[in-house]
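These notes are about the structure you will find just below.
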Ligand SMILES: Cc1cc2nc3c(=O)[nH]c(=O)nc-3n(C[C@H](O)[C@H](O)[C@H](O)COP(=O)(O)OP(=O)(O)OC[C@H]3O[C@@H](n4cnc5c(N)ncnc54)[C@H](O)[C@@H]3O)c2cc1C
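Residue numbers (full-length UniProt numbering): 1 to 458.
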């Protein structure tokens, strides 16, 4: 983190914002500051932010950044604050730039199957609006009812359906963004294809608010599938369920989603669920061939599962998926979850599950696991006592070993939640010194004074 700016500089900055922004944008109300200081990771912010700017227009962002850059004030862009890696935490002296009020859908074109939206639009609301045109916004983080499109783009969010439709980056065609000095840039295009110049849209997607502030996005929409077919398979062990997930990929079927939940998570959601098996795998196929694909998946799962239930009724399918979506809130009722987000090659999913069990036993730290299994994306979750002011050493050691495991198996530290502050100490291990240094030089180009979300990401 950069040091807090001097009080006189801060006061001058607030004076300039009060002068140049419309009257309802700036607040220093202590309750607002506290509400904007951390995110769903529960990472302690390390001090009180200076102020919050509630942006309503791109002009509010340019004014804020121009003054912040001139005076060296750290700025933390923020959507809904549902992030799980501490990316939106704002410490002592930082200005929180809240984009959630820029929440208009500016255009929805059924002809070109795209939408142009402001960053504060809630993910599920865009999907709903697209649905009225027979389209959908494919990325669907489990937080879709709360998270913003801007936050999704800044973290390159994944979700359930990205098994087939890709992560957020695969749906972002172009961006309007404001650089650290207040300059507005446009990246990308409205066409399905296009390769002119370096791909700044892709670079900004997943940059965690450290390179620019996203003020509008042109997003690809896709036709709503004509049919879906969903399977729920129960297993006697989590490892067998992980093997079964990979068997689906090996059989050449690409499901729209494959969500895996272990026994302890099932128990946290509802003890009755854990009586049905030690793991649950929910698989959904979609499109004209959904029923045939689901039948093929059922054949793959049958020898491994203790029970397989199938449905083509969307309401029943949603009920099966509801349990998965309740996983995190259920664990939050048990304590403060430290959520990991590793990805391993799908062929090594069962090995990862086995090793995580050993790490958990070795450190005597219970680990709850859910997974976007079709991507090899595991969320091992360590739940700690929420009254502790710091994470116990055993929890950090277990977390560190899980990251090391991911890298050893040929995987990555984070599949969708981003580095934020929580995974920063392991980034160099994955990138290596040369790529890490190059990425830092990119940061210098976009944000020479390092005012944008300092202390996050790299
Ligand atoms: C119950 C639950 C389930 C979840 N499930 C998933 C899941 O399935 N997949 C997944 O990927 N994530 C998931 N998440 C994590 C989280 O919802 C995502 O990371 C989401 O993309 C964050 O969006 P947000 O609007 O809350 O962003 P915030 O938390 O406010 O910010 C996240 C990061 O983006 C930056 N940022 C925000 N807006 C902008 C902007 N306009 N310009 C530049 N930078 C910006 C912030 O500085 C920060 O670094 C889940 C979270 C919860 C609580």
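Heads up, the beta-carbon is just placed ideally off N, CA and C, and yes, glycines get one too.
Residue i beta carbon near ligand 1 (any heavy atom closer than 8 Å)
i           : result
residue 60  : no
residue 430 : no
residue 143 : yes
residue 164 : no
residue 393 : no
residue 342 : no
residue 184 : no
residue 453 : yes
residue 213 : yes
residue 76  : yes
residue 170 : no
residue 482 : Because the chain here runs from 1 to 458, residue 482 falls outside it and cannot be looked at.
residue 10  : no
residue 208 : yes
residue 416 : yes
residue 306 : no
Bounding residues of the alpha helix (DSSP H) (the contiguous stretch that carries residue i)
i           : result
residue 152 : 149-155
residue 143 : Careful: residue 143 lies outside any alpha helix (DSSP H) and carries neither H nor E.
residue 445 : 433-446
residue 350 : 349-363
residue 496 : As displayed, the chain neither begins before 1 nor continues past 458, which places residue 496 out of reach and without an answer.
residue 334 : 327-334
residue 283 : Looking at the DSSP string, residue 283 is not in any alpha helix (DSSP H); the run it does join, the beta strand (DSSP E), is 279-286.
residue 300 : 290-301
DSSP state of residue i mapped onto helix, strand, coil
i           : result
residue 312 : coil
residue 135 : strand
residue 248 : helix
residue 109 : strand
residue 321 : helix
residue 410 : coil
residue 267 : helix
residue 176 : strand
residue 400 : helix
residue 2   : Bear in mind that the predicted position of residue 2 carries a pLDDT of just 49, short of 50, making it unreliable; the figure below should be weighed with that in mind. Coil.
residue 453 : coil
residue 9   : helix
residue 17  : helix
residue 385 : coil
residue 55  : coil
residue 395 : helix
residue 427 : helix
Residue range of the beta strand (DSSP E) that includes residue i
i           : result
residue 217 : 213-220
residue 261 : 257-262
residue 234 : 228-235
residue 98  : 95-98
residue 186 : 184-188
CB contact flag (residue i, residue j, <9 Å)
i           : j           : result
residue 287 : residue 233 : no
residue 333 : residue 388 : no
residue 49  : residue 87  : no
residue 75  : residue 95  : yes
residue 383 : residue 366 : yes
residue 110 : residue 219 : no
residue 144 : residue 229 : no
residue 89  : residue 141 : no
residue 260 : residue 339 : no
residue 364 : residue 417 : no
residue 121 : residue 97  : no
residue 240 : residue 394 : no
residue 199 : residue 188 : yes
residue 289 : residue 223 : no
residue 400 : residue 424 : no
residue 211 : residue 221 : no
residue 321 : residue 257 : yes
CB-CB length for residue i against residue j, believed under 8 Å
i           : j           : result
residue 298 : residue 285 : No, residue 298 and residue 285 are not in contact; Cβ-Cβ is about 10 Å, not under 8 Å.
residue 108 : residue 80  : So it is not a contact: roughly 21 Å between Cβ atoms.
residue 82  : residue 51  : Residue 82 to residue 51, Cβ: 22 Å. No contact.
residue 343 : residue 375 : 7 Å
residue 169 : residue 206 : 7 Å
residue 380 : residue 356 : 5 Å
Chain D contact for residue i (CB, 9 Å cutoff)
i           : result
residue 330 : Given the protein chain composition of this structure (a single chain), no chain D is represented.
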